[in-house]
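*Asks:*
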Amino acid sequence: MSSAAEEEDYYELLDDKHLFRLAGQVRERWEELLRAGLLQKEEAGNDPACLQESVVEECKKFAPNDNHLQAHHLLVHWRYKCWQNQCPKRKMLLTLGEALKKSGNSEAAQNFQSDIDTLFSIQYV
261 MSSAAEEEDY
271 YELLDDKHLF
281 RLAGQVRERW
291 EELLRAGLLQ
301 KEEAGNDPAC
311 LQESVVEECK
321 KFAPNDNHLQ
331 AHHLLVHWRY
341 KCWQNQCPKR
351 KMLLTLGEAL
361 KKSGNSEAAQ
371 NFQSDIDTLF
381 SIQYV
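This note's numbering applies: residue 261 is where the sequence shown begins, and numbers increase by one.
1. Any chance the CB of C347 is under 8 angstroms from a heavy atom of the ligand SAM?
2. Do L335 and A283 have their beta-carbon atoms positioned less than 9 angstroms apart in this structure?
3. Would you check if there are 3 or more beta carbon pairs closer than 8 angstroms linking the segment 320-328 to the segment 363-371?
4. Among the residues of its own chain, which have a CB less than 7 angstroms from the CB of A296, if the five just before and after it don't count?
5. Output the boundary residues of the alpha helix (DSSP H) element that contains Q330.
6. For E291 and E272, I'd like the C-alpha separation in whole angstroms.
7. Based on DSSP bridge pairs, tell me the residues matched to L299.
8. Taking C-alpha atoms, which residue in V316, H278 and A309 lies nearest to E288?
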């Protein structure tokens, strides 16, 4: 598979529909997800762990009483920052999958991995 085609496939798992569904699974545990692997650890580069701690307050202000929207805002903001930093999409998916596992969102992590497996198994059949 060519690199351009592969990038398009990765994008499918990072589109708004998938991120909204994932946010619904994460819900009130979105802060754990952030701290488990999406927070910036060092100076900006092309690392998918690219969010600043200030995003927590931003998400809470965006939708004060709705964990699903807070989680979705976090994931969309993370995707935007990664693209702005020119992170490879494959690296983004791996980082998000690991953060889901580390944050204790086992159902969301399992569903996300299943989406990845399904997407790529279809292409090799």
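Don't be surprised by glycine CBs; every beta carbon is placed ideally from N, CA and C. A quick note: this is a predicted structure, and the numbers were derived from the prediction, not measured.
*Replies:* Working from what's here:
1. Here there are no bound small molecules, and the ligand SAM is not part of this structure.
2. Result yes, Cβ atoms of A283 and L335 sit closer than 9 angstroms.
3. With a cut-off of 8 angstroms on Cβ pairs, the segment 320-328 is not in contact with the segment 363-371, counting fewer than three such pairs.
4. Residues of the same chain with a CB within less than 7 angstroms of the CB of A296, apart from the 5 flanking positions on each side, are A359, K362 and S363 in chain order.
5. First-last of the alpha helix (DSSP H) with Q330: N327 to Q344.
6. Rounded to whole angstroms, E291 to E272 spans 24 angstroms at the Cα level.
7. According to DSSP, which records beta bridges pairwise, L299 is partnered with L311.
8. With distances taken between Cα atoms, E288 lies closest to V316.
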